[in-house]
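For the protein sequence lines, the chains are A and B, in the order given.
Letter by letter, the first sequence follows residues 14 to 194 in this note's numbering.
Letter by letter, the second sequence follows residues 8 to 83 in this note's numbering.
A virtual CB, placed ideally from N, CA and C, is assigned to each residue, including glycine.
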Amino acid sequence: MRRTLLYALGGLLLAGVIHIAIIFLVPYFATRDAWSAIAKLGAEGEFHILPLGDSGPDTLPALDPRLLHAVCRFSIADNPIRIQAQLPSDFWSIAIFDRRGRNLYSLNDRSAERTQLDLAILTPVQMAQMREDPPASLEQAVVIELPVQAGFAVLRVLVADDSMLPAATRALQGANCAATL
Amino acid sequence: MTPSAGRTGFLSREILRRPDGDFVIPLAGDVAPGNWLPIAPVDRFKLVLRLYDTPLTAGSQLAGVTMPRIIAGACS
């Protein structure tokens, strides 16, 4: 009986120690996600081009060294946004992620069937409002409804060889993720 | 890992294939014929196969797909 109590007490103490240790580690892990890494690159509403190749452990890990990546944090809490870019005719893709890095939407050169990227992102409420009076400017755009207030977009362009790098860089520099409808 | 020759991988469109469509990628520190992928003298490294815009993304088609084999060679 006594021994059982002792074990129970020991177990409780150990659980307490582990609990406290985990709590102290929370700030460390909470800031080591893709959202925080992208936040360090610069302001919201702009595409930031990541260096080609292994960008190191402090940014986004395990990126494909043959693709040039640009990332943009956006918020559609107040107004819908529109992502526009003129991309090379080779492989490219755009992927939209939520705040926690879950993939919500993606589009690539083959599914878009053109090199002009024009993607409007709206919340369900904004979508309902937009349907009442669809602006003519959205005729050519891909319009998607996402159940989030904020997220980030990753635009990837294939760099088939070094000579394609300037064109890919120009395309990503010209990409806009804060255009209005 | 930063390989000395500046080559980090192959695209499907540029890899050298055998007549039946197979490909072999020798990973070695020293120059090798064919699709040589230079590796720095490290103990561990990671090989990544990335598939973009492939019909395989629908999980139902994953059965019956042959993945590349990795065969350990001899030290030289």
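The continuous stretches of alpha helix (DSSP H) do not include Asp-60/B, and DSSP gives it neither H nor E.
By the CB criterion at 8 Å, Phe-60/A and Cys-190/A fall inside the cutoff. Counting along the chain, the unbroken beta strand (DSSP E) around Ser-106/A starts and ends at 105 to 111. At a C-beta separation below 9 Å, Leu-23/B has no neighbours in chain A, since its nearest C-beta there lies roughly 16 Å away. In terms of beta-carbon proximity, Ser-106/A lines the interface with chain B, with at least one pair separated by less than 8 Å. With a threshold of 8 Å between beta carbons, Arg-51/B makes no contact with chain A.
Leu-132/A is bridged by DSSP to Ile-96/A and Val-155/A.
DSSP, reduced to helix, strand and coil, places Val-172/A outside both helices and strands of the structure shown, so it counts as coil. In the DSSP assignment, Val-161/A falls outside any beta strand (DSSP E), carrying neither H nor E.
Here Asp-131/A is buried. Its C-beta has 16 or more other C-beta atoms within 10 Å.
For Asn-121/A, the chain B residues whose C-beta falls within less than 8 Å of its own C-beta are Tyr-59 and Asp-60, listed in chain order. In the three-state reduction of the DSSP assignment, Val-31/B falls in the coil class, being assigned neither a helical nor a strand state.
Ser-124/A: member of the alpha helix (DSSP H) spanning 122 to 125, first to last residue. The beta carbon of Asp-77/A falls within 8 Å of a beta carbon belonging to chain B, placing the residue at that interface. Straight through space, the alpha carbons of His-82/A and Leu-168/A are spaced by roughly 6 Å. The shortest CA-to-CA distance from Ala-188/A to any of Asp-77/A, Trp-48/A, Pro-40/A and Thr-128/A is the one to Thr-128/A.
Between the alpha carbons of Leu-171/A and Pro-40/A lies a gap of roughly 36 Å. The alpha carbon of Ser-124/A has as its nearest neighbour, out of Gln-142/A, Ala-108/A and Arg-113/A, the alpha carbon of Ala-108/A.
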